[in-house]
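Accompanying notes for the structure given below.
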Amino acid sequence: MARNIFLKKPLAMLSLLAASLTVTAQSYVTYNHDDAKMNQITVQEIGSGGLTPAFYYDVFHRSYQRSAAAKNKLGFRTLAGVAAYQQITDAEQVDSALTKRAKIEALNIADRSGGALDVAWLAEGSKLTSKMQDFQSNINRIIGAGGTFQEKERWTEYYNVYHSAIQATQDAYMPNAQRKKQYLRIYEDVSRQNETLIAYLIQLNSRQKTAELLSATNERISHKAAFATQAHNRWREAAWKAVSHNDE
Numbered sequence: 002m003a004r005n006i007f008l009k010k011p012l013a014m015l016s017l018l019a020a021s022l023t024v025t026a027q028s029y030v031t032y033n034h035d036d037a038k039m040n041q042i043t044v045q046e047i048g049s050g051g052l053t054p055a056f057y058y059d060v061f062h063r064s065y066q067r068s069a070a071a072k073n074k075l076g077f078r079t080l081a082g083v084a085a086y087q088q089i090t091d092a093e094q095v096d097s098a099l100t101k102r103a104k105i106e107a108l109n110i111a112d113r114s115g116g117a118l119d120v121a122w123l124a125e126g127s128k129l130t131s132k133m134q135d136f137q138s139n140i141n142r143i144i145g146a147g148g149t150f151q152e153k154e155r156w157t158e159y160y161n162v163y164h165s166a167i168q169a170t171q172d173a174y175m176p177n178a179q180r181k182k183q184y185l186r187i188y189e190d191v192s193r194q195n196e197t198l199i200a201y202l203i204q205l206n207s208r209q210k211t212a213e214l215l216s217a218t219n220e221r222i223s224h225k226a227a228f229a230t231q232a233h234n235r236w237r238e239a240a241w242k243a244v245s246h247n248d249e
């Protein structure tokens with residue numbers, strides 16, 4: 002056991018010595034200056050200085066020695082930096098444009114969605130609702146004015162069409178400006194149909210009044226005939242009485 006301990010200690014010391022020698026060797030290689038390599042790297046990087054040994058490059062790399070200063074990396078770095086800067090500017094412009102477009106589209110989505118505030122209905126809704134109520138009231142007057150149930154059903158279908166158009170416009174995916182145009186078009190159509198219905202009601206009322214006047218005229222004519230018959234009968238009766246009195 003003691004022998005193993007004594008054997009391990011020399012091995013540990015040898016390991017430490019080898020490590021120190023390695024570090025020393027690496028340090029020596031790192032700090033060993035090489036003018037030829039430094040000149041080659043300097044020429045490659047920034048184009049200044051000269052390649053050494055000159056005779057080596059004259060014999061083996063004459064073309065490279067002549068063009069090395071012009072092919073340095075500094076020019077490429079400069080061009081790459083300028084190109085990258087331009088790309089940054091273009092990227093910022095694209096990002097700014099996309100950000101603005103995203104904001105506009107977000108507003109458009111909020112504007113067109115059914116759950117958004119319907120500004121167009123706030124502006125035109127009361128007027129359109131009032132006209133629809135007038136149209137419904139005039140439809141309800143058709144039967145009283147002398148129209149038929151079929152005619153009332155036909156006008157009621159017109160009302161349902163406009164009511165459905167209003168609901169579809171309210172639920173449609175469109176901006177408020179376009180929605181307002183649709184409301185105004187519906188209002189114009191309802192107004193036009195309502196005027197036509199009013200003219201039709203006036204015609205029905207005129208027809209009914211004309212029939213009543215004709216009926217009243219017929220009644221007066223029939224009464225006159227009865228009165229004339231009664232008067233003629235009374236005259237004949239009086240004449241017979243007079244003749245009878247003379248005979249006596």
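So for the sequence shown, my numbering puts the first residue at 2; every next one is plus one. Just so you know, even glycine gets a beta-carbon here, dropped at the ideal spot from N, CA and C.
Do residue i and residue j have their C-beta atoms closer together than 7 Å?
i, j, result
"Leu-202", "Gly-147", "no"
"Ile-143", "Tyr-163", "no"
"Glu-46", "Lys-74", "yes"
"Leu-52", "Asn-33", "no"
"Lys-132", "Val-191", "yes"
Please report the residue range of the alpha helix (DSSP H) in which residue i lies.
i, result
"Gly-126", "120-141"
"Asp-36", "36-47"
"Tyr-159", "150-172"
Just to check my reading of the structure: residue i and residue j have Cβ atoms closer than 8 Å, yes? What is that Cβ distance to the nearest angstrom?
i, j, result
"Leu-198", "Trp-236", "Not really, about 57 Å apart at Cβ, beyond 8 Å."
"Phe-150", "Asn-195", "That belief does not hold up - the Cβ atoms of Phe-150 and Asn-195 are roughly 20 Å apart, past 8 Å."
"Pro-54", "Ala-70", "About 17 Å separates the two Cβ atoms, so there is no contact after all."
"Ile-140", "Lys-153", "6 Å"
Evaluate the contact criterion for the segment 119-135 versus the segment 179-197: three or more CB pairs, one atom per stretch, below 8 Å.
The segment 119-135 is in contact with the segment 179-197.
Count Cβ pairs between the segment 53-67 and the segment 87-101 that sit closer than 8 Å; are there 3 or more?
The segment 53-67 vs the segment 87-101: no contact.
Measuring CB atoms only, is the segment 153-162 touching the segment 100-107, in the sense that at least three cross pairs come out at less than 8 Å?
By the Cβ criterion, the segment 153-162 is not in contact with the segment 100-107, since fewer than three pairs of Cβ atoms, one from each stretch, lie closer than 8 Å.
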